[in-house]
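Everything on this sheet refers to the single structure shown next.
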Amino acid sequence: MKDYSALTLQNYLDELASDAPIPGGGSVSAYAAALGLGLIQMVARITLKRKIKPDLSVEEKAEEDKKRASLQKIIDEVEIVKKQAMEIVSTDPQVYDEVMGGYAKKATDAEMDQLLLKAFHMQAELAHEIAQALDLNGKLAGLVKGAIKNDLIVAQQLLRAAFQGAYHTAHINVVYIKDAEQKNKAEEVLAKTRLNFGITGAAS
Numbered sequence: 042m043k044d045y046s047a048l049t050l051q052n053y054l055d056e057l058a059s060d061a062p063i064p065g066g067g068s069v070s071a072y073a074a075a076l077g078l079g080l081i082q083m084v085a086r087i088t089l090k091r092k093i094k095p096d097l098s099v100e101e102k103a104e105e106d107k108k109r110a111s112l113q114k115i116i117d118e119v120e121i122v123k124k125q126a127m128e129i130v131s132t133d134p135q136v137y138d139e140v141m142g143g144y145a146k147k148a149t150d151a152e153m154d155q156l157l158l159k160a161f162h163m164q165a166e167l168a169h170e171i172a173q174a175l176d177l178n179g180k181l182a183g184l185v186k187g188a189i190k191n192d193l194i195v196a197q198q199l200l201r202a203a204f205q206g207a208y209h210t211a212h213i214n215v216v217y218i219k220d221a222e223q224k225n226k227a228e229e230v231l232a233k234t235r236l237n238f239g240i241t242g243a244a245s
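For the sequence shown, my numbering begins at 42 and goes up steadily by one.
Right under this line is the structure:
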């Protein structure tokens with residue numbers, strides 16, 4: 042299995058547009074998330090790069106230091122999620138192959154449930170992390186000024202699309218789980234994730 046995250050964007054698009062089933066929606070959702078997260082970091086870093094006015098009062102300097110600390114924290118937190126997302130760009134096709142391989146060899150219901158749960162948890166966790174990143178995007182919007190805030194709107198929409206993709210990719214795996222208890226637990230996770238997405242902040 043190739044490392045899709047290491048491909049150039051053009052090569053990834055060529056693979057995506059082929060008649061092969063991978064990479065598919067789960068990988069693309071992760072890629073979209075990584076792009077949105079990268080934009081968030083760009084905006085934060087550009088804002089950090091701006092020079093501090095030399096004539097600030099003690100209070101203003103303290104406020105500026107606090108702002109810069111918040112910007113760096115956002116950059117660091119987003120970096121973790123971005124790395125996870127790029128891992129899923131390559132991992133999702135592998136997990137898809139495992140699921141389809143299970144069906145091909147006529148695995149037992151219990152075996153298939155484990156494969157489906159693996160696929161579910163990967164995308165459900167991605168959706169959860171994206172929801173948290175959207176909240177960070179909203180916080181960042183309050184720390185930046187000027188036209189660069191438009192990039193946060195783009196980031197927001199990429200992350201929203203990525204969330205929907207990850208959420209629905211997680212959900213489709215739940216549909217085929219046979220064990221009622223496992224299915225119910227997975228549905229509860231999705232319900233909480235959906236609620237979390239509904240209350241996240243947004244750039245404006």
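All C-beta atoms, glycine included, are put in the ideal place defined by N, C-alpha and C.
Quick check on DSSP: helix, strand or coil for residue i?
i: residue 72; result: helix
i: residue 42; result: coil
i: residue 134; result: helix
i: residue 97; result: coil
i: residue 63; result: coil
i: residue 91; result: coil
i: residue 148; result: coil
i: residue 243; result: For residue 243, the predicted structure reports a pLDDT of 37, less than 50, and the residue's modelled location is therefore unreliable. A value from the coordinates is still provided. Reduced to three states, the DSSP call for residue 243 is coil.
i: residue 54; result: helix
i: residue 48; result: coil
Quick one: residues in its chain with C-beta nearer than 6 Å to the C-beta of residue i, no 5 flanking neighbours on either side, listed in chain order?
i: residue 123; result: 75, 78
i: residue 127; result: 46, 75
i: residue 116; result: 82, 85
i: residue 203; result: 70, 73, 74, 171
i: residue 237; result: 172
Since residue i and residue j should fall inside the 8 Å C-beta cutoff, what is the C-beta to C-beta distance between them, to a whole number of angstroms?
i: residue 200; j: residue 175; result: 5 Å
i: residue 152; j: residue 142; result: The Cβ separation is near 11 Å, so there is no contact.
i: residue 48; j: residue 56; result: 7 Å
i: residue 71; j: residue 130; result: 5 Å
i: residue 227; j: residue 158; result: 7 Å
i: residue 188; j: residue 234; result: No, residue 188 and residue 234 are not in contact; Cβ-Cβ is about 33 Å, not under 8 Å.
i: residue 218; j: residue 154; result: 5 Å
Got a sec? Which residues, its chain only, sit under 8 Å from residue i by beta carbon, not counting five neighbours each side?
i: residue 137; result: 62, 63, 65, 67, 160
Is residue i near the ligand MG, judged by its Cβ being under 7 Å from some heavy atom?
i: residue 230; result: This structure simply doesn't include the ligand MG, nor any ligand for that matter.
Practice prompt. Please confirm if the region 87-94 is in contact with the region 108-115, defined as three or more CB-CB distances below 8 Å between the two stretches.
Written response: yes
Item to complete: Entirely within the region 151-233 and at least 4 residues each: give me those alpha helix (DSSP H) ranges in chain order.
Response: 190-216
Discussion item. Using 8 Å as the cut-off, can you tell me whether the region 162-171 makes contact with the region 207-216, which would need three or more C-beta pairs spanning the two stretches below that distance?
Written reply: yes
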